[in-house]
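*Asks:* Quick note: the sequence shown uses full-length UniProt numbering, first residue 1, plus one each step.
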Amino acid sequence: MSVVTGALGSLAPKLLKLLYGEYKLQKDVRKQVQWLHSELESIHAFLRKVADVPWDRLDELVKVWAREVREASYDMEDVLDTFLVRVDGGEPSDPSRLRRAMKNMGKVFTKAKVRHDIAGAIDDIKKHLDEVAERRQKYKLDEMIMSKSITSASTIDPRLTAMYKEVSQLIGVDKSRDELISMLNLSQPDDDAPDKKTIKKVSIVGVGGLGKTTLAKAVYDKHKSQYDCGAFVSVGRDHDLVKVFKDILFDLDKNRYENIHNTGRGVDLLIREVREFLENKRYFIVIDDVWEVRTWEAIELALVENNHGSKVITTTRNVDVAKASSEVYKLKQLSYDDSMKLFYTRLSRADPKFLNNHPDDISKKILKKCAGIPLAIITMASLLAGKPECEWSMVYNSICFHTTDNREAEDTMKILSFSYYDLPPHLRTCLLYLSTYPEDYEIKKDFVIWKWIAEGFIDGKQGTRLFELGERYFNDLINRSLIQPVENGWKGIVEYCRVHDMVLDLMRKLSSDENFITILGDNVEGAPAPSNVRRLAHQNRITEHINSETMVTGMPKVRSYTAFKCFIDSRDQFLRFKLLRVLDIVRCNFEKGCHLEHLGDLLHLRYLRIRFYGSFPELPIQLANLKLLQTLDVNGTLPASIVHLTELLRLCADEKVPDGIGKLVSLEELRILNGCSDKALKFLKELDSLRELRVLEFTTFDMADESMQRDFVESLSNMQKLQHIDVYNSPWLVDTAMWEAAGFVLPRPLHYLGWQFIRFSKLPSCINPTRLPNLAHLELSVITMDDQDLKLLARLPALCYLHLATQSTVTASNINSSDRSFFQKLRHFWTNAMVLFEQPDEEDTSVSLHMWDGEDAMPFASRKSNDSRKVVPSGVMPNLEMLDFDVPLRALKDNYSDYCWNIGLEYLPSLRELRGVIRCEDVPGAEGDAALAALRDACNVHPNHPTFRMHRSLF
């Protein structure tokens, strides 16, 4: 499934299914199916070539033809799917549904009949494809595409202006320039040290329009005179390596190579020529706008390592390219102050009257939309230039970057579109699908990947799960700087993403052009006629109703329907979409008396998520009809019939599951609130059958006896594909030895373990760095620990988040700054114990970490306040950003007189926030306030000035 090729990619396999499945097709029909298969593959290959040419460069004839083929492919797939669903799946409650659905497909498919009599539909599809092929030949579309492919690299690059800006005109570049200069060692005089003589390479990475070229040019211009020779060459997406090497030679020596572009040398000879020229020279070369790793690898062959202290800068939008080429410099967005300065400077040409004005609300909204991207700020300023400020709000509310004649706006969209057209077809489709979501929406990674799967955007590969492929797609979009990752707090796990407003504008334009997604209420320019809507999204219309007659009637081809924060005033309006594959209703209110019985008629459904505000209606037993369902995510109690949904891959619900959950052997993800309440024993036993589980979350308020714990351990030992385990329950007191005797092991792929309510008597042996190399999130409760246990946890190589409860006092001593195995990646540490870092001996650089339970004797001596405001290098938690702990009031006393704030925060160089509780018990409130003040002082003297969020408690 692709945004350009439509359903052509999935049609061929379905036709083969007709040929080789048990569908008893007549002999002549089988021949037609074989012909269709070959013809569709040919058309699919041609459309992939069309997809490689930017939409605005295509001839109108090609656009019209491509749209017609794409729409026809969807109609063909709808007919085939309807036939296959009826044969393979259950019957709907309305037996005439298939005939009516086919009638609504259009004139091409009116002769299709139910079940075995598909011959008429196959014949009509063949006639339609004959017409399509005839028009392709008649208008010589292949020649048009070939000519566009050849000339596509000759257009003017809109980024050229960045290369010829004077440094004096640049705003916000100073800090980035200084940081880049430091990375290149340009600010330090060269000496005879070997590390100063080796070639230094740094790659600037960031989204289009962020100013990568501008920054590279600023550094190059400032320092190129210090080198024997230099070159600044842009590569681009549609590059020619021969031209790139000729450009390098010409830039290196314009006199010597003034005719280089007229020579007929190939890549090999040009690489040799560049190497020979650079052999004994100290050079400074910038390779701008590199898109592919293999392109950089070819260019790198020409860059001689001659120990003369040469420098190389590359710029790219792709993190993989940056990592392959050199040390990575991630260019940040402009600060708010610099954004404001750039905005008003472009508006007023540095008129002091504007620069000294405090920005009003509309200016703040504009800057928020631009999100610190210089190109966006310049574009918005150009759109508002010459207009009185009283009109800015009107312009802002009506403007999208793609709906204006402004040249800067067109250049902005063109720059962003480079990134889009560089994507392979499957990633373009996944990216455009994100335009379903509202502006500034945090998109949950798991949700969107399962929707991609349901839509057929992810093609399965042998031995690889669809979700894992989806994660690769998601990460690839992040690495290409097209979506922005959003981490879950300090946990180091990317769970969400955002889409920049400019990128969203581009995506919505392309979605509209391609009839990919229709957003109700947005008045999208060029929106398709209602009868052709395939994917429908309704967003943020909290005070308005979705009216079934005006909004839904006449949209028979909708295959995806999404609603955010809406009031739906019809009981079954979305049930009118009989070809629906994805139904996603999020945070909506439904009319009172809403019922869901007809959900069972949506036989094509792969993805069903309904999350209501208020009370949730009872789920119908007819859900068992949805044989193709892959995701079920709902409020309310699940009906017993769902255990027959054998294709189900993801099950999320707020109430307990019915008996028989073990029948869902294809499940990869199970998240159940109150999952095994009042049936805990049976639930834990049935988990043993779910060998494909990747994610397991459940809640129970039942105490687990020894027998139940054994069942749980046995089930876990058989789920070796688990990556995420989270159990919320009344505390289980666990005899670790009993669990290990029962075969307790944790799967090697595990990266998230949430077991704060399972209290182990001692640390389980399977929690160690050799068995859990991917564990990034750990919540654990261990009654008895020693220093070896703590050091074992500290060596978990991927650990970013640790929630550790213990009743022990533990000290890890003599941790040296050279020690690279003590919580090296940890970013958030929560513990119920008092935490203190100290350097036992002033002449010894090692540091000790103490964790005190508040009951035993204090493991550390009385401390004096440390007046040092410098961070002291240590090997203890070098990346820790948040420390959250419990501290008894008496632990803060120095000789039981004054309160002392010295708890060793100076040994935490990355600290950003201090959280926790001071347990005051029966101590007067004034003393608790004094203790809080002491710890606040500890934050104030730290160079990072961490946020202070501690409070006192009487318990």
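C-beta: ideal position from N, C-alpha, C; glycine also.
As the structure is a prediction and not an experimental result, all values here were calculated from the model.
By how many angstroms is the C-alpha of Glu39 removed from the C-alpha of Asp368?
*Replies:* The residue you asked about is not Asp; residue 368 is Lys in the sequence shown. Spanning the two alpha carbons is a distance of roughly 50 angstroms.
*Asks:* Assuming contact is defined by CB atoms lying nearer than 8 angstroms, are Gly754 and Ile725 in contact in what I supplied?
*Replies:* Against a cut-off of 8 angstroms, the Cβ pair of Ile725 and Gly754 comes out as a contact.
*Asks:* Identify every run of the alpha helix (DSSP H) within the UniProt domain "NB-ARC" (197-344), keeping only runs that are complete inside it and at least 4 residues long; order them along the chain.
*Replies:* Qualifying alpha helix (DSSP H) stretches, in chain order: 212-223, 241-252, 267-278, 293-300, 319-325.
*Asks:* Please return the same chain residues whose Cβ sits closer than 7 angstroms to the Cβ of Ser339, not counting the five positions on each side in sequence.
*Replies:* For Ser339, where only same-chain residues beyond five positions count, the Cβ hits under 7 angstroms are Leu367, Cys370, Gly372, Ile377.
*Asks:* Which same chain residues, not among the five before or five after Asn940, have their C-beta less than 7 angstroms away from its C-beta?
*Replies:* For Asn940, where only same-chain residues beyond five positions count, there are no Cβ hits under 7 angstroms.
*Asks:* Since Pro946 and Leu889 should fall inside the 8 angstroms C-beta cutoff, what is the C-beta to C-beta distance between them, to a whole number of angstroms?
*Replies:* Rounded, the Cβ-Cβ distance is 21 angstroms, inconsistent with contact.
*Asks:* Over what stretch of residues does the beta strand (DSSP E) that includes Glu736 continue unbroken?
*Replies:* Contrary to the premise, residue 736 reads as Thr rather than Glu in this sequence. It is not in any beta strand (DSSP E) - Thr736 instead sits in the alpha helix (DSSP H) that spans 736-741.
*Asks:* Output the distance between the C-alpha atoms of Pro749 and Leu693, rounded to the nearest integer angstrom.
*Replies:* Straight-line Cα distance between these residues: approximately 12 angstroms.
*Asks:* For Ile181, report the span of its alpha helix (DSSP H) as first-last.
*Replies:* Counting along the chain, the alpha helix (DSSP H) containing Ile181 begins and ends at 174-183.
*Asks:* Identify whether Asp422 lies in helix, strand or coil by the three-state DSSP scheme.
*Replies:* Looking at Asp422 - three-state DSSP - the assignment turns out to be helix.
*Asks:* Using DSSP's beta-bridge definition, name the partner residues of Tyr473.
*Replies:* None, per the DSSP bridge assignment.
*Asks:* Can we say the region 296-305 touches the region 134-141, given the rule of at least three CB pairs closer than 8 angstroms?
*Replies:* With the cut-off at 8 angstroms, the region 296-305 and the region 134-141 do not touch.
*Asks:* Report yes if the CB atom of Trp450 is closer than 8 angstroms to the CB atom of Tyr344, and no otherwise.
*Replies:* No, they are not a contact pair.
*Asks:* Would the region 282-296 and the region 228-238 be scored as touching if the rule is three or more Cβ pairs under 8 angstroms?
*Replies:* Contact between the region 282-296 and the region 228-238 is present, because at least three Cβ pairs lie under 8 angstroms.
*Asks:* Taking Ile758 and Val727 to be in contact with their CB atoms under 8 angstroms, please state how far apart those CB atoms are, rounded to whole angstroms.
*Replies:* Sure, about 7 angstroms apart at Cβ, within 8 angstroms.
*Asks:* By the 10 Å Cβ neighbour count, where 16 or more other Cβ atoms means buried, how is His261 classified, buried or exposed?
*Replies:* Classification for His261: exposed.
*Asks:* Would Leu129 be called buried (16 or more neighbouring beta carbons within 10 Å of its own) or exposed?
*Replies:* Per the 10 Å Cβ criterion, buried.
*Asks:* Are Trp392 and Ile362 closer than 8 angstroms when you measure CB to CB?
*Replies:* Yes, these two residues count as a Cβ contact at 8 angstroms.
*Asks:* Does Met877 have its Cβ less than 8 angstroms from a Cβ in chain B?
*Replies:* Note that chain B does not occur in the displayed structure, where there is just one protein chain.
*Asks:* Would you decide whether His951 is buried or exposed? Buried here means 16 or more other CB atoms lie within 10 Å of its CB.
*Replies:* Label assigned to His951: exposed.
*Asks:* Give me the Cα-Cα distance between Leu908 and Met738, rounded to the nearest whole angstrom.
*Replies:* Whole-angstrom Cα-Cα distance: 38 angstroms.
*Asks:* Any contact between the region 303-319 and the region 471-481? By contact I mean 3 or more CB pairs, one from each, below 8 angstroms.
*Replies:* Segments in contact, yes.
*Asks:* Give me the Cβ distance between Leu799 and Lys825, rounded to the nearest whole Å; I'm assuming they're in contact under 8 angstroms.
*Replies:* About 6 angstroms separates the two Cβ atoms, so the contact holds.
*Asks:* Run through DSSP, which three-state label would Ile519 get?
*Replies:* Strand at Ile519.
*Asks:* Among the residues of its own chain, which have a CB less than 7 angstroms from the CB of Asn32, if the five just before and after it don't count?
*Replies:* According to the sequence shown, residue 32 is Gln rather than Asn. Ile122, Asp123, Lys126.
*Asks:* Note down, one range per segment and in chain order, each alpha helix (DSSP H) of at least 4 residues found wholly within the UniProt domain "Disease resistance N-terminal" (7-92).
*Replies:* Counting only runs of 4 or more, we get 8-20, 27-51, 60-88.
*Asks:* Would Pro700 be called buried (16 or more neighbouring beta carbons within 10 Å of its own) or exposed?
*Replies:* Inspection of the sequence shows that residue 700 is occupied by Thr rather than by Pro. It counts as buried.
*Asks:* So Asp886 and Arg915 are supposed to be a Cβ contact under 8 angstroms. How far apart are they, rounded?
*Replies:* Between Arg915 and Asp886 the Cβ distance is about 10 angstroms, and since that is not below 8 angstroms, they are no contact.
*Asks:* If you compare alpha carbons, which of Leu638, Asp633, Gly600, Leu241 is closest to Leu623?
*Replies:* For the residues Leu638, Asp633, Gly600, Leu241, the minimum Cα distance to Leu623 belongs to Gly600.
*Asks:* Quick check: the Cα distance between Tyr473 and Asp705, rounded to an integer number of angstroms?
*Replies:* In a straight line, the C-alpha of Tyr473 is about 43 angstroms away from that of Asp705.
*Asks:* Given this structure, state the Cα-to-Cα distance separating Pro747 from Glu487, to the nearest angstrom.
*Replies:* The straight-line gap from Cα to Cα measures roughly 24 angstroms.
*Asks:* Nearest by alpha-carbon distance to Asn944: which of Leu880, Leu331, Gly660, Leu954 is it?
*Replies:* Of Leu880, Leu331, Gly660, Leu954, the residue nearest in Cα terms is Leu880.
*Asks:* Count the other CB atoms, across all protein chains shown, that sit within 10 Å of the CB of Ser707; report buried if there are 16 or more and exposed otherwise.
*Replies:* It counts as exposed.
*Asks:* Where does Met394 land, buried or exposed, given buried means 16+ other C-beta within 10 angstroms?
*Replies:* With fewer than 16 Cβ atoms within 10 Å of its Cβ, Met394 is classed as exposed.
*Asks:* Residues in the same chain with beta-carbon distance under 6 angstroms from residue 973, minus the five sequence neighbours each way, listed in chain order, please.
*Replies:* In the structure as shown, the chain starts at 1 and stops at 955, and residue 973 therefore has no counterpart that could be examined.
*Asks:* Nearest-angstrom Cα distance between Met882 and Glu913?
*Replies:* Computed Cα separation, rounded: 5 angstroms.
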